[in-house]
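In what follows, a structure is listed as structure tokens, so that the remarks can point back to it.
Residue numbers (our numbering): 89 to 874.
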């Protein structure tokens, strides 16, 4: 008879740790990749630190982090002296000063707002004094020109609070609503009143006494600011001149008859369908802005006129494609005032103005006395004005400003003397200056650029007068740097192509070593040998070179997938951690299964200058699609891919390109997955679309050739559409309209999946899993991959 082995408890206890150890190792090993594994809640990867900032004395770094993988991030602090990291207690957090605020010229004091109240801080001692404790919110606090007062906004109005005496003075008197003037008396009413006063002596005496009494009462009243009706506009950017004599402000008036869209929400707590108010569509009437100057001494308000802006009546070139009414006179274009700044001495004010048709950006000098605008710089672009830093400027000294311009085709730094008009280029070359800031003494400019490589971002410094650019960071990838308060160190948020963001510290010196002080990745994430995609150049049909990420499998299956990033103006063929991290992991999964994957920075992607940025003007689905088609040819010619076994997919703009590829380039891609795609650009928002295609009512040709719904008859290959049902960005109506078009065209080689709980960017792990299982199934079945 066979005896069953019954282990003793001693034996069980002996082998249990070994069992646990083996189970732990297995549970922490990621390979082989599956959709279920990579599309979990991203916290499984480890949560990268975010929003880092220096303490006011530069001895600590604060940042949001979640190393314990709990429900939400917490505030952590790293002490430079002890090199210790710990969680900030609730009591400590309450005592921290507000991150934003205003500093005096000597950088010894700070004014800031916290929880709607104002505080004044001595930076050397850390001593903080509360200035207000009110129900009403105070905001936008700044030092006055003589640094004796805090200037801030409360409600609609601007106030001044003396830092020593605590005297509170109201500087403006904006009154909400539209003030209607009193009806003027008719000629009959005037005659009757004069006749009454002439007939009756008592009436005349009483009228004279009242007039004299009113005069005395008015002379005894303290001086108050002029009552200014807002005329139903929103008042913002209210700025007191450093000398205290003028206030400039912007009035923003919304358009009352602009029709908003509605997104139905079907899965709700109430059990009823609920409507989500959403955006307007491109071409709807836009808000108007006006710039005003309040002369405090004269107690007068005047509006700045734009009639002196160079080329204010110029029409865009595209109107030549349509029959123009030559009888119409040139009209002044509508504009948006986007930024206003006083010089430190209050002698000058500059404003940035953008044409509402997106073709012009002016930097203008505002004379507060005459309320006239004098153009200092005009940037005209027949496509649209844009690029890094387009609406940033700062004062270099009392009469010189520094700003970005794409005048040479790449975003670079320039200065202009506002008194003489002298202009100087500080940087030049075929690269972009992406962000800039001045040192405290304004003798040095710090900036981020991609001069080393379009796929790298490094931090530089340069004399404010121009000259040699000194590179401060060396790590390959993206270096998002912030100067310490004394400018001796750099706080760097850094990532590479295969590793998410971590925090580093480095001396503010070239070739200094950066030291990491966070480590966030989970053991499970690190257990997989993530591929560093090759950065390759693909030759376009028109001779341009397209930067792309390439994932090459160890053993090719002869099939390939082209990924199309979203957003249009976005960069993904770079050497840092992609915001498309789920797709990055999916591409590793595809490569593991033998697929070659190509991810291109097609025309209109960020990082490559003006011509690349505007390459899709008036034809989305033109050069950008051609670039992806050229990518497919590259895969065939350089990597031996079967031309009948190439798939394409992408979300948002990538979904749009996928549709255009299948509809207008049949046979190039055997299958495509269009995720949350735009199918008709006339249904998208104004801010993004009007830049590229103008407005549908004025440039219908651009919308017709750019919208997939008009080309749906060309579908021959296999199409998967996936869309969130509560997408308030690209509405699911886009996909439903396309589905109806496909039904009417009697197309059968398509399917659609809708996600009732998802917005434009999916949140639920189960939705991500379902979507990418469908994509993987599509490629496996239609690309005939073994």
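Note that beta-carbon positions come from the ideal geometry of N, C-alpha and C, so glycine has one too. The structure displayed is predicted, hence computed values, not measured ones.
Around the CB of residue 756, 16 or more other CB atoms lie within 10 Å, so the residue is classed as buried. Taking the Cα positions, residue 125 is about 36 Å away from residue 365. Rounded to the nearest whole angstrom, the C-alpha separation of residue 116 and residue 640 is 26 Å. In this structure, residue 690 lies away from residue 718, with their beta-carbon atoms at least 7 Å apart.
Sequence-distant partners of residue 350 (beyond 5 residues in either direction) whose C-beta falls short of 8 Å from its own C-beta, in its chain, are 363, 364, 365 and 366. Nearest to residue 380 by C-alpha distance, out of 294, 766, 445 and 461, is 461. When the Cα atoms are used, residue 266 and residue 290 turn out to be separated by approximately 38 Å. Here the alpha carbons of residue 716 and residue 743 stand approximately 13 Å from one another. In the DSSP assignment, residue 537 falls within the beta strand (DSSP E) that extends over 532-537. The continuous beta strand (DSSP E) containing residue 735 extends over residues 734-739. For residue 848, the three-state secondary structure derived from DSSP is coil.
Per DSSP, the continuous beta strand (DSSP E) segment holding residue 636 begins and ends at 633-639.
Short of 6 Å from the beta carbon of residue 809, and not among the five residues preceding or following it, lie these beta carbons of its own chain, in chain order: 762, 823 and 840.
In the three-state scheme derived from DSSP, where H, G and I count as helix and E and B as strand, residue 821 is classed as helix. DSSP places residue 574 outside both helix and strand once states are collapsed to three, so it counts as coil. With a contact defined as Cβ atoms closer than 8 Å, residue 483 and residue 431 qualify at about 5 Å.
With contacts defined by Cβ atoms closer than 7 Å, residue 571 and residue 140 do not form a contacting pair. Looking at 447, 389 and 378, the one whose alpha-carbon comes closest to that of residue 405 is 447. Inter-residue distance for residue 767 and residue 791 is about 11 Å (C-alpha atoms, whole angstroms).
Rounded to the nearest whole angstrom, the C-alpha separation of residue 651 and residue 638 is 10 Å. Restricting attention to 751, 604 and 667, the CA atom closest to the CA of residue 171 is found in 604.
Beta-carbon to beta-carbon, residue 427 and residue 481 are separated by about 7 Å, close enough to satisfy the 8 Å threshold.
Per the coordinates, the alpha-carbon of residue 372 lies some 14 Å from the alpha-carbon of residue 781. Only exposed fits residue 183, as fewer than 16 other CB atoms lie within 10 angstroms of its CB. In the DSSP assignment, residue 336 forms a beta bridge with 327 and 381. Taking a contact to require three or more Cβ pairs closer than 8 Å, the region 141-148 and the region 538-553 do not qualify as touching. Fully contained in the region 253-305 are the following alpha helix (DSSP H) runs of length 4 or more, in chain order: 275-287. Taking the C-beta atoms as reference points, residue 338 is found nearer than 7 Å to residue 377. Around the beta carbon of residue 195, fewer than 16 other beta carbons lie within 10 angstroms, which makes this residue exposed. One Cα belongs to residue 134, the other to residue 147, and the distance between them is close to 27 Å. Listed as beta-bridge partners of residue 162 by DSSP are 153. A straight-line Cα-Cα distance of about 46 Å links residue 696 and residue 248.
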